[in-house]
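Numbering (this note's numbering), first residue to last: 14 to 235. Note that the Cβ used here is the ideal one computed from N, Cα and C, for glycine as well. Here the structure is a predicted model, which is why all the values come from computation and not from measurement.
So this is what it looks like as structure tokens:
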């Protein structure tokens with residue numbers, strides 16, 4: 014921590030693991046006063062290049078935020094229901110999804126019972142239905158690219174996965190099919206809405222492709 018704090022003393026050096034886990038193992042979204050967030054931002058931007066010196070990998074910038082908040086003694090109250098991301102993870106708001114009746118998880122689930130944030134960080138699969146940010150074509154937001162084919166409500170009845178490379182996978186958790194269905198049914202239409210907005214405002218005449226035919230397999234039948 015001495016290098017990260019540029020040779021100055023940091024209370025992080027004497028912090029126990031319980032305090033670190035309870036108050037500083039955090040990620041966005043953050044809610045803070047402007048005064049506190051300004052202090053964190055100044056220290057965060059100072060720390061993060063040296064955090065990267067010690068940990069030159071993905072998430073170094075998030076670790077920099079956690080260390081800055083801890084250094085400044087600005088503990089966070091951690092809420093676990095705002096966000097969902099990894100269908101197999103604990104500490105996220107998946108109970109909200111698990112409690113949705115299966116027959117409506119992809120057909121108008123009640124908005125007041127949904128997580129506030131979908132963190133599009135993983136890949137999601139159910140049958141041959143698939144979405145993954147690293148496989149999405151780079152020109153998806155363009156006039157020429159087709160829109161994504163949107164899954165039907167009964168996708169939730171599938172209980173297996175077929176990856177784009179043909180690998181057949183089964184689920185280890187009974188919650189996984191519904192969680193994957195939820196993310197597919199929420200994310201794909203939202204991505205299409207973003208692409209449609211671009212096409213409506215930046216494409217002339219017949220150049221905009223609104224065909225919902227883009228999939229990651231040769232066919233969607235499995």
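Under the DSSP assignment, residue 148 falls outside any alpha helix (DSSP H); it carries neither an H nor an E label. Taking residue 169 as the centre and dropping the five residues before and after it, the same chain places the C-beta of 115, 118, 119, 190, 191, 194 closer than 7 Å to its C-beta, in chain order.
As a beta-bridge residue in DSSP terms, residue 175 pairs with 181. As for any alpha helix (DSSP H) of minimum length 4 sitting wholly inside the region 67-101, the runs are 73-84, ordered along the chain. When the alpha-carbon of residue 149 is set against those of 101, 133, 221, the nearest one is in 133.
Between residue 225 and residue 157, the C-beta spacing is not below 8 Å.
In this structure, residue 97 sits near residue 128, with a CB-CB distance shorter than 8 Å. In the displayed model, residue 17 falls within coil according to three-state DSSP, outside both helix and strand. Apart from sequence neighbours up to five positions away, the residues of its chain that approach residue 89 with a beta-carbon distance below 6 Å are 36, 39, ordered along the chain. When 46, 50, 45, 228 are compared, the shortest CA-CA separation from residue 142 is found for 228. For the pair residue 139 and residue 182, the CB atoms are not nearer than the 8 Å cut-off. Cβ-Cβ distances below 8 Å link residue 75 to 40 in the same chain, with the five nearest sequence neighbours on each side left out; the list follows chain order. Restricting attention to beta strand (DSSP E) runs no shorter than 3 residues, the region 113-163 encloses them at 136-139, 142-145, ordered along the chain.
Between residue 175 and the set 106, 136, 83, 166, the nearest pair of CA atoms involves 136. Following the DSSP letters along the chain, one finds residue 219 in no beta strand (DSSP E), marked with neither H nor E. Residue 51 carries a helical assignment under DSSP once its states are collapsed to helix, strand and coil.
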